[in-house]
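Novice: So that we are looking at the same thing, I have put the structure below in structure tokens.
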Amino acid sequence: MIKKERVERLAQTLREKGLDALYIGPSTDLEYIGGLDTHPDERVRGLMVAKDARCFAMTPLLYKEEIVNAFGDVPFYAEWNDHEGFTGAFRRGCEHLGVVGGRIAFNDGVRAVDMLAVRDSMPMEMVNGVDLLAGQRSQKDDDELELMRESSRIVDKVVAKLQKFIRPGMKERDVAKKIPDFFEEEGVIQMSFSPIVASGPNGSMPHYSGGERVIGENDIIILDLGGRYKSYCSDTTRTLFTGTPTEEMKKIYEIVKRSQAAGEAAVKPGATGQDVDRAARQVIIDAGYGEFFFNRVGHGVGLAVHESPYMIEGNDVPLAPGNVFSVEPGIYIPGKFGVRIENLVAVRPDGSGEALNHFTRELTVCGD
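Residue numbers (numbering that gives the first Met the number 0): 0 to 367.
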């Protein structure tokens, strides 16, 4: 069903920004407002919210039952047939809301070719609406936070199963293929993203996507994974070992562990995303490995695995209660190995941080 309180908050934002409406295509924004988990394709569908909080739903007849079941009692459904195209229906919806010729924003769930078709079919000023819902989505309510906690508890269980499962002689892809099975055992059937299993020198590439390397007897493996529990994402990273790690591996692991803890500790009243980034990064710089940590410290997580707020230099906006984000520093030595440790952190009403992941951050050997 359309979540009326979220629509009202969005309408207030539209009024504050001098916009007449926001059109929301298939996206996590649409899921947030209307509970519809769907993906973009050639048939235009979605929801427009006007500055007075009235709505219309765009629906091709092919999707009408699904959309009506999701949205419920929307005052106006702009329906269209394949043979007639969608622009007439879009205009009818805009006429219903009285926004023809107005300032209309579009989110990132709308294809550029469809926006161009709309532009050519009716007068309006088109505005980039990609961030219009970012602020309210970033402040999770109590129900959302509990879903995030449960999602994180589940991924911790999956990591524990992987720690028992991984052994020398497996290929990285053998491990990656098992991850969805472990999630399904915990009642989760949708991944937040394609999991990363990066062993040995492959771990120096933070978003490694291969899978053919065979895990060795005394090896190091980065596991980055997450699942969607009732639509809310988990995201965690642990670096595990087989056999006995080298002294260099142990040294760098301890630096990253201290860095990650420092990032979490920086979450306090008045702190900004930049403060969290700096706190974690300074530990790695002071240890002499600053050049091997070249990405932001974290990102918001919720219905999407990457959303506001971002833990990055230049983000001087104070963290707010209900924000949930990753703290995931790493050190990546080209051609040798990498280490990354990641927890999700939620901001409590008093401004302090609550770690949502609890799988140990101590150096852990597979099979132990």
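Here a beta-carbon is modelled for each residue, glycine too, at the ideal position from N, C-alpha and C. These figures come from a predicted structure and were not determined experimentally.
Taking its Cβ as the centre, do 16 or more other Cβ atoms sit within 10 Å of VAL213, making it buried, or is it exposed?
Specialist: What you label residue 213 is simply residue 214 of the sequence shown in a count that begins at 1. The residue in question, VAL213, is exposed, as its Cβ has fewer than 16 Cβ neighbours within 10 Å.
Novice: Buried or exposed for ILE221, please, with buried defined as at least 16 other CB atoms from any protein chain shown within 10 angstroms of its CB.
Specialist: Position 222 of the sequence shown, counted from the start, is the residue given in the question as residue 221. Looking at its Cβ environment, which holds 16 or more other Cβ atoms inside 10 Å, ILE221 is buried.
Novice: Do the CB positions of TYR192 and LYS177 come within less than 8 Å of each other?
Specialist: The residue given as residue 192 occupies position 193 in the sequence shown. The residue given as residue 177 occupies position 178 in the sequence shown. The residue asked about is misnamed: residue 192 is Phe in this sequence, not Tyr. In this structure, LYS177 does not lie closer than 8 Å to PHE192 by Cβ.
Novice: What are the residues that DSSP puts in a beta bridge with TYR228?
Specialist: The sequence position of residue 228 within the sequence shown is 229, counting from 1. Looking at the DSSP assignment, TYR228 forms a beta bridge with TYR231.
Novice: Is it true that the CB of ARG102 sits closer than 8 Å to the CB of VAL126?
Specialist: Counting from 1 along the sequence shown, the entry for residue 126 is found at position 127. Counting from 1 along the sequence shown, the entry for residue 102 is found at position 103. Cβ atoms of VAL126 and ARG102: closer than 8 Å.
Novice: Going by the CB atoms, is the gap between ARG5 and TYR31 shorter than 8 Å?
Specialist: Numbered from its first residue, the sequence shown carries residue 31 at position 32. Numbered from its first residue, the sequence shown carries residue 5 at position 6. Cβ atoms of TYR31 and ARG5: closer than 8 Å.
Novice: Which first and last residues belong to the beta strand (DSSP E) in which LEU60 is found?
Specialist: Your numbering for residue 60 matches position 61 in the sequence shown. Per DSSP, LEU60 belongs to no beta strand (DSSP E) and is neither H nor E.
Novice: Decide if the stretch 224-239 is in contact with the stretch 262-272; the criterion is three or more beta carbon pairs, one per stretch, under 8 Å apart.
Specialist: Touching, no.
Novice: Quick one: what's ALA77 bridged to in DSSP?
Specialist: Here the question's residue 77 lines up with position 78 in the sequence shown. Looking at the DSSP assignment, ALA77 forms a beta bridge with MET57.
Novice: Determine the DSSP secondary structure at MET114, reduced to helix, strand or coil.
Specialist: In the sequence shown, residue 114 corresponds to position 115, counting from 1. Helix, per DSSP.
Novice: DSSP three-state label for ALA49, please.
Specialist: One-based indexing of the sequence shown puts residue 49 at position 50. DSSP places ALA49 in strand when its eight states are reduced to three.
Novice: Following the continuous alpha helix (DSSP H) through ARG5, name the residue where it begins and the one where it ends.
Specialist: The residue you call residue 5 lines up with position 6 of the sequence shown. Taken as a continuous stretch (DSSP letters only), the alpha helix (DSSP H) holding ARG5 covers 3-15.
Novice: For VAL48, collect the residues of the same chain with a Cβ closer than 6 Å to its Cβ; drop the 5 residues on either side in sequence, then sort them by chain order.
Specialist: Position 49 of the sequence shown, counted from the first residue, corresponds to residue 48. VAL6, LEU9, LEU21 and CYS54.
Novice: Measure how close the beta-carbons of GLN138 and ASN322 come, nearest whole angstrom, since I'm counting them as under 8 Å.
Specialist: Start at 1 with the first residue of the sequence shown, and residue 138 comes out as number 139. Start at 1 with the first residue of the sequence shown, and residue 322 comes out as number 323. GLN138 to ASN322, Cβ: 6 Å. Contact.
Novice: Which same chain residues end up closer than 6 Å to ASP223 when comparing Cβ atoms and leaving out the 5 residues on each side of it in sequence?
Specialist: Reading the sequence shown from its first residue, position 224 is the one you call residue 223. For ASP223, where only same-chain residues beyond five positions count, the Cβ hits under 6 Å are ILE195 and THR236.
Novice: If you drop the 5 nearest sequence neighbours on each side, which residues of the same chain put their C-beta closer than 6 Å to that of SER151?
Specialist: Within the sequence shown, the letter at position 152 stands for residue 151. Closer than 6 Å at the Cβ level, and outside the excluded window around SER151, lie SER233, LEU343, LEU355 and ASN356.
Novice: Does the count of Cβ pairs from the stretch 54-64 and the stretch 77-91 closer than 8 Å reach three?
Specialist: Yes, since at least three Cβ pairs between the stretch 54-64 and the stretch 77-91 fall closer than 8 Å, the two stretches touch.
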